[in-house]
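> Here you go, one structure.
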Amino acid sequence: MDNPVKEIPIVVNNIFANPDKSLLEKEVKRSYIPNFEFHHFLVDVSPRPGSRERVIRLFKFFRGCFWNNRLQINEISYNEESGKMFLDVTQHLQPLLYPWLVVPVRVVVEYYFRRNDAGKYFICRQDDFIEPEELMGVIVPYLGPMAVRAAKTVAASFSEFVVSIFELTGLS
1 MDNPVKEIPI VVNNIFANPD KSLLEKEVKR SYIPNFEFHH FLVDVSPRPG SRERVIRLFK
61 FFRGCFWNNR LQINEISYNE ESGKMFLDVT QHLQPLLYPW LVVPVRVVVE YYFRRNDAGK
121 YFICRQDDFI EPEELMGVIV PYLGPMAVRA AKTVAASFSE FVVSIFELTG LS
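With the numbering used here as the guide, the letters of the sequence shown map in order to residues 1 to 172.
The structure is reproduced here in C-alpha cells:
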C-alpha cells in the first residue's frame, strides 16, 4: 500500500464484503506479509512460514458463515511513527443460520504495518477486538447477548462483594 489510511477501507471491503469472493485471496497476498500474525477472540495464528495462507482459509471460513456482510467504517486512526492503525468498523452480518436477520457487530481492529525498501506498506499483524455479547448476537440472537450481559453483571457484583470483604479485613 502507498497510503494505508486511504487504502485500508478498500482492503477490508475486498476481503470481507465484496461480492467477488476471488478478491479475498488476491487482497491478502497484496496487502499482508507472508509470515503474517493474526489474533482474534476465537483464533490465533502465530507468525511463521505459511501463516498468511492459514489466515486466508480462516477469512474464507468467516465469509462462508454469512450470506452477506456490509461494512461501515466508523473511524480510522493511524500513527505513522509506530506503524499502528486502529480501525473501528461495524459489520452488518446476515448469518447462514438466520438468513432473515442482519446482525450489527462492532469490531475494533489493530493493524501493525511494516514498510519495505520500495516504501510500500504491508500488514504484518492484525488483532481483532470483539465484545463477547456482539459475537453471541450472531450465534444465538437476542438471548445470547442477554446471557453474556447477565454473566458480566454477576461477575461485577461478585467483585464488589469480594472488595467488601477485603475492606473489612484491611486487605485493600
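Ideal Cβ placement from N, Cα and C applies to all residues, glycine included.
As a quick exercise: from Glu167, Tyr32, Val138 and Leu24, pick the residue whose alpha carbon is nearest that of Asn14.
Along the sequence shown, read from residue 1 onward, the residue named residue 14 stands at position 14. Of the candidates Glu167, Tyr32, Val138 and Leu24, the one whose C-alpha sits nearest the C-alpha of Asn14 is Leu24.
> Can you check which of these residues, Val138, Arg54, Phe61 and Pro34, is closest to Phe16 by C-alpha distance?
Within the sequence shown, numbered from 1, the residue matching residue 16 stands at position 16. Checking every option, the nearest Cα to that of Phe16 belongs to Phe61.
> Can Pro4 and Tyr121 be called in contact, C-beta distance under 8 Å?
Walking along the sequence shown from the start, residue 4 turns up at place 4. Walking along the sequence shown from the start, residue 121 turns up at place 121. Cβ atoms of Pro4 and Tyr121: closer than 8 Å.
> Hey, would you say Val107 sits closer than 8 Å to Ile130, going by beta carbons?
Position 107 of the sequence shown, counted from the first residue, corresponds to residue 107. Position 130 of the sequence shown, counted from the first residue, corresponds to residue 130. In contact: Val107 and Ile130 (Cβ atoms closer than 8 Å).
> To the nearest angstrom, report how far apart Gly137 and Thr90 are at their CA atoms.
One-based indexing of the sequence shown puts residue 137 at position 137. One-based indexing of the sequence shown puts residue 90 at position 90. For Gly137 and Thr90, the distance between alpha carbons rounds to 13 Å.
> Assuming Val105 contacts Gln126 (C-beta within less than 8 Å), just tell me the rounded distance between them.
Counted from its first residue, the sequence shown places residue 105 at position 105. Counted from its first residue, the sequence shown places residue 126 at position 126. Not really, about 16 Å apart at Cβ, beyond 8 Å.
> Would you call Tyr142 buried or exposed, if buried means 16 or more other Cβ atoms sit within 10 Å of its Cβ?
Residue numbering aside, residue 142 sits at position 142 when the sequence shown is read from its first letter. Looking at its Cβ environment, which holds fewer than 16 other Cβ atoms inside 10 Å, Tyr142 is exposed.
> Just to confirm the assignment, what range does the beta strand (DSSP E) spanning Glu167 have?
Indexing the sequence shown from 1 puts residue 167 at position 167. No beta strand (DSSP E) holds Glu167; the alpha helix (DSSP H) holding it covers Leu143 to Thr169.
> Considering only C-alpha positions, which residue in the set Glu167, Lys21 and Leu42 is nearest to Asp128?
Position 128 of the sequence shown, counted from the first residue, corresponds to residue 128. With distances taken between Cα atoms, Asp128 lies closest to Leu42.
> For the putative contact between Leu87 and Val12, defined by C-beta atoms under 8 Å, what is the C-beta separation to the nearest angstrom?
Taking the sequence shown and counting its residues from 1, one reaches residue 87 at position 87. Taking the sequence shown and counting its residues from 1, one reaches residue 12 at position 12. Right, the Cβ-Cβ distance comes to about 7 Å (below 8 Å), so this counts as a contact.
> In terms of alpha-carbon separation, which member of Glu133, Arg30 and Met85 lies closest to Pro144?
Here residue 144 refers to the residue found at position 144 when the sequence shown is read from its first residue. Sequence check: residue 144 is Gly here, not Pro. Closest by alpha carbon: Glu133.
> DSSP beta-bridge partners for Met1?
Numbered from its first residue, the sequence shown carries residue 1 at position 1. In the DSSP output, where bridge partners are listed per residue, Met1 has none listed.
> Determine the extent of the alpha helix (DSSP H) in which Pro132 is found, giving its start and end residues.
As a first step, residue 132 is located in the sequence shown; it is residue number 132 there, counting from the start. From DSSP, the alpha helix (DSSP H) with Pro132 extends over Pro132 to Ile139.
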